[in-house]
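K.L.:
Below are the structure tokens for one structure; questions will follow.
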Amino acid sequence: MPLRQPGAVLNYRILSLGDAALTIEFGEVIDRRLLAAVAAADQALLQAVAAGQLPGVVETVPTFRSLTVIHDPLRGTRSEVEAAIHAVLRQTAAIVAPRGRVWQLPVCYGDQLASCGPDLDQLAAACGLGAAEVVRLHAGGCYEVYMLGFLPGFAFMGDLPPVLARARRSEPRTRVPAGSVATAGSLTAIYPWESPGGWHLIGVCPLPLFSPSWPQAALLQPGDRVRLRAIDAGEFAALQAAAPAMRAAAQPPLAFLAAAAE
Amino acid sequence: MCAVLEVLSPGAMASIQDFGRSGWRRIGVPRSGALEPGWLRLGNALLGNPEDAPAIEFLAGGLAVRALELPLQVALAGHFTAELVHAGGRRRLASWRSVCLKPGEALRCGSLAAGRVGYLALTGLAVVRHFGSASTYARAGLGGVDGRLLAPGVRLSVAAGCGGERLLRRPPAVDEAPIRVVPGPQDDHFDAQQMATFFTQAYRVSAAADRMGIRLDGPLLGHRPEKGAEIVSDATVPGSIQVPGSGQPIVLLADGQTAGGYPKIATVITADLPRLAVMAPGQTLRFAAVSVAAAEQAARAREAELQALIAGIAPLAEAGNGDPQAIYTANLISGVVDAGAADGLPPALGRSPGER
Numbered sequence: 034m035p036l037r038q039p040g041a042v043l044n045y046r047i048l049s050l051g052d053a054a055l056t057i058e059f060g061e062v063i064d065r066r067l068l069a070a071v072a073a074a075d076q077a078l079l080q081a082v083a084a085g086q087l088p089g090v091v092e093t094v095p096t097f098r099s100l101t102v103i104h105d106p107l108r109g110t111r112s113e114v115e116a117a118i119h120a121v122l123r124q125t126a127a128i129v130a131p132r133g134r135v136w137q138l139p140v141c142y143g144d145q146l147a148s149c150g151p152d153l154d155q156l157a158a159a160c161g162l163g164a165a166e167v168v169r170l171h172a173g174g175c176y177e178v179y180m181l182g183f184l185p186g187f188a189f190m191g192d193l194p195p196v197l198a199r200a201r202r203s204e205p206r207t208r209v210p211a212g213s214v215a216t217a218g219s220l221t222a223i224y225p226w227e228s229p230g231g232w233h234l235i236g237v238c239p240l241p242l243f244s245p246s247w248p249q250a251a252l253l254q255p256g257d258r259v260r261l262r263a264i265d266a267g268e269f270a271a272l273q274a275a276a277p278a279m280r281a282a283a284q285p286p287l288a289f290l291a292a293a294a295e
Numbered sequence: 010m011c012a013v014l015e016v017l018s019p020g021a022m023a024s025i026q027d028f029g030r031s032g033w034r035r036i037g038v039p040r041s042g043a044l045e046p047g048w049l050r051l052g053n054a055l056l057g058n059p060e061d062a063p064a065i066e067f068l069a070g071g072l073a074v075r076a077l078e079l080p081l082q083v084a085l086a087g088h089f090t091a092e093l094v095h096a097g098g099r100r101r102l103a104s105w106r107s108v109c110l111k112p113g114e115a116l117r118c119g120s121l122a123a124g125r126v127g128y129l130a131l132t133g134l135a136v137v138r139h140f141g142s143a144s145t146y147a148r149a150g151l152g153g154v155d156g157r158l159l160a161p162g163v164r165l166s167v168a169a170g171c172g173g174e175r176l177l178r179r180p181p182a183v184d185e186a187p188i189r190v191v192p193g194p195q196d197d198h199f200d201a202q203q204m205a206t207f208f209t210q211a212y213r214v215s216a217a218a219d220r221m222g223i224r225l226d227g228p229l230l231g232h233r234p235e236k237g238a239e240i241v242s243d244a245t246v247p248g249s250i251q252v253p254g255s256g257q258p259i260v261l262l263a264d265g266q267t268a269g270g271y272p273k274i275a276t277v278i279t280a281d282l283p284r285l286a287v288m289a290p291g292q293t294l295r296f297a298a299v300s301v302a303a304a305e306q307a308a309r310a311r312e313a314e315l316q317a318l319i320a321g322i323a324p325l326a327e328a329g330n331g332d333p334q335a336i337y338t339a340n341l342i343s344g345v346v347d348a349g350a351a352d353g354l355p356p357a358l359g360r361s362p363g364e365r
């Protein structure tokens, strides 16, 4: 796909999300080239907003494969906003999305405490593996943060070892506990807050992932990489007890950065 | 000078809300804010506040508050009646007015005549702001009082003093027209028959309705097998209608997630989202497809209507002949009962005979 290489012009289509938002879609899959296109379009549109060239645009929301533009229909019509977006993107080339920090986060898996990962056994069965093997494979990965969204500080990370990839639950749970480590498709994530959710729950991370007290409220940023470390129930309890202080601190828990960036 | 308003009971659920926060969806922080921002504006206008001043939003009625040492003023926005409890007894009040609470006086909001949302607007409310908004987003502890929903015993610091009481001469109409949506962005996950089902059949607000979203009961929607029930997650907005694998549509609201992996069949338009957001469990609705241009026109019409309602605010004493409060209360209540007499339901609960 030469059109989506860094330095090349962007290839996209625009979809409506009602009258107050539109999605600039670069593709329908998870692909590094699409991430680069999204990053470039995001940067260009934010600059245009700052320069007053996109009247009524309130915010932009980058995802794996698209950039959503939220605007005020009382301050500019869709046709005006679309025309301004086309004008900006015509002059925009893809960039390489920046790489960030490397974290090592502790996870108590469902093989230690059943309450930590109610779906571990079911997922293991669906993958034709034992629970311990799923834990070994999941904890052995190094995952890139592709995007934030869904909940404050929720980082969509990938890619899972292909053998662990399974579709989401068809009926979302109404209550997923905060800290749940989950998988869906080729992705993994940690729920920062209790919420509804349709992912498979295989463990729990005791660390806070978001706090308005921190300079950047979200612990994990797009481009960061995340390694995991399986912990036992005792270490989990100790870290869980320390979590409120970590959330209230002026800095995020930097002790969980991997010793050195690769 | 600060007065104190004490929450005696939050009722089913109450929180502080303003217009919400923008600019932070990129880190997963939803807009939050009033489910019916127009009613918040009306409440604020009744008090002469800035239109986006934070107020108490309550769900399903039962909110009770009391003024402590100093007098203060509140405004009631939403379709409900309230009871002013004072030393000498009780006085019934209709909503869409401001009212002075003298020290020791309490206000109890009754159950809602239509929908599930009401506002108690306040002047000079001092609360924490996060990311530019006082709106409570309890899931992440943002805004409001300690980032939490209001609980019995919470004391709110507000401005002391009472100006003249004011009334909205013409309250907003209860509109039962179909909820207008713009199809997409993933309407291509549904074949023509499923789209026809979505646009012709009635849906009912289920018991799973909160500030995050509303699950709808009604015909299940099947996905085209070749497209499936999952997408690579992309951004959602308040008004997005997701259809997960179960086929049961979910409308996202102010506290809704900022991204999702279920196909979105349509998006509720700006002008109609508040009308859907305030519907109570059990109410039925239908959807109608419109173009973006028609949705923009509807947004402008709604804005003009709100401006007209605000222009109709008058001092209580001048609002009509005789006792305006009594006339108004009678109109409101008889209107609701009469219009729904045919099927025994108030209009907001019944199916609309003349759907537009």
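So the sequence lines, in the order shown, correspond to chains F and R. Position one of the first sequence corresponds to residue 34 (my numbering), numbered consecutively onward. Position one of the second sequence corresponds to residue 10 (my numbering), numbered consecutively onward. Ideal Cβ positions, reconstructed from N, Cα and C, are used throughout, including at glycine.
1) By alpha-carbon positions, which one of R:Asp243, R:Ala310, R:Met22, R:Arg175 ends up nearest to Phe59 of chain F?
2) What does a CB cutoff of less than 7 Å around Ala351 of chain R pick up in its chain, not counting 5 residues either side in sequence?
3) Any beta-carbon of chain A closer than 9 Å to the one on Trp226 of chain F?
4) With distances taken between CB atoms, is the gap from Leu184 of chain F to Ala149 of chain R smaller than 9 Å?
5) Between which two residues does the alpha helix (DSSP H) holding Glu166 of chain F run?
6) Return yes when the Cβ of Ala74 of chain F is within less than 9 Å of the Cβ of Leu100 of chain F, no when it is not.
7) Between the Cα of Tyr179 of chain F and those of F:Ala200, F:Ser219, F:Ala157, F:Arg169, spot the shortest distance and give me the residue it belongs to.
8) Under 8 Å: do the segment 301-312 of chain R and the segment 273-282 of chain R share three or more Cβ pairs, one atom per stretch?
9) Between the Cα of Pro80 of chain R and the Cα atoms of R:His88, R:Pro59, R:Ser166, which residue gives the shortest distance?
10) What are the uninterrupted segments assigned as beta strand (DSSP E) that are 3 or more residues long and contained completely in the segment 88-119 of chain F, given in chain order?
11) Output the residue ranges of the beta strand (DSSP E) runs that lie fully inside the segment 146-231 of chain R and measure 3 residues or longer, sorted by chain position.
12) From the beta carbon of His139 of chain R, is the nearest beta carbon of chain F less than 9 Å away?
13) How about Ala62 of chain R and Leu56 of chain R: do their beta carbons lie closer than 9 Å?
14) Closer than 7 Å by beta-carbon distance: list the chain R residues that pair up with Ile63 of chain F, in chain order.
15) When you compare only the Cα positions, how much space is there between Pro285 of chain F and Gly256 of chain F?
16) So Leu50 of chain F packs on Ser249 of chain R, CB below 8 Å; how close in whole Å?
17) With Glu314 of chain R as the anchor, note down where its alpha helix (DSSP H) starts and where it stops.
18) For Glu158 of chain R, I'd like the list of residues in its chain whose CB is within less than 7 Å of its CB, leaving aside the five on either flank, ordered along the chain.
19) Express the C-alpha separation of Arg101 of chain R and Leu341 of chain R in angstroms, rounding to a whole number.
20) The segment 90-104 of chain F: which residues have C-beta closer than 9 Å to a C-beta of chain R, in chain order?
21) Would you mind stating whether Ala238 of chain R and Ala130 of chain R have Cβ atoms separated by less than 9 Å?
22) Taking only beta-carbon atoms, is Tyr128 of chain R less than 9 Å away from chain F?
23) According to DSSP, what are the bridge partners of Ser24 of chain R?
24) Can you pull the chain R residues whose beta carbon is under 8 Å from the beta carbon of Glu204 of chain F, in chain order?
25) How far does the beta strand (DSSP E) with Gly236 of chain F in it reach, from first residue to last?
26) Could you spell out where the alpha helix (DSSP H) holding Leu285 of chain R opens and where it closes?
27) Secondary structure at Gln249 of chain F, three-state DSSP: helix, strand or coil?
28) Could you have a look at Ala122 of chain R and say whether DSSP puts it in helix, strand or coil?
29) Might you give, ordered along the chain, the residues of its own chain that have their beta carbon closer than 7 Å to the beta carbon of Arg179 of chain R, omitting 5 neighbours on each side?
P.N.:
Walking through what the data contain:
1) R:Asp243
2) Any reading at Ala351 of chain R needs caution, since the residue's pLDDT is 30, under 50, leaving its predicted position unreliable; the model's value is listed next. Nothing meets the Cβ criterion.
3) Here chain A cannot be found, since the structure's protein chains are F and R.
4) yes
5) 164-172
6) yes
7) F:Ser219
8) yes
9) R:Ser166
10) 90-95, 99-104
11) 164-168, 175-177, 188-192, 212-218, 222-226
12) yes
13) yes
14) Val241
15) 17 Å
16) 7 Å
17) 301-320
18) Note on residue identity: the sequence assigns Leu, not Glu, to residue 158 of chain R. So the list reads Pro19, Met22, Ala23, Ser24, Thr145, Ala147, once near-sequence residues are dropped.
19) Summary for Leu341 of chain R: the model assigns pLDDT 48, below 50, so the residue's position carries little reliability; its value from the coordinates is reported in the next sentence. In a straight line, the C-alpha of Leu341 of chain R is about 13 Å away from that of Arg101 of chain R.
20) Val91, Glu92, Thr93, Val94, Pro95, Thr96, Phe97, Arg98, Ser99, Leu100, Thr101, Ile103
21) no
22) no
23) R:Glu66
24) Pro253, Gly254, Ser255
25) 233-237
26) 282-286
27) coil
28) coil
29) Leu318, Gly321
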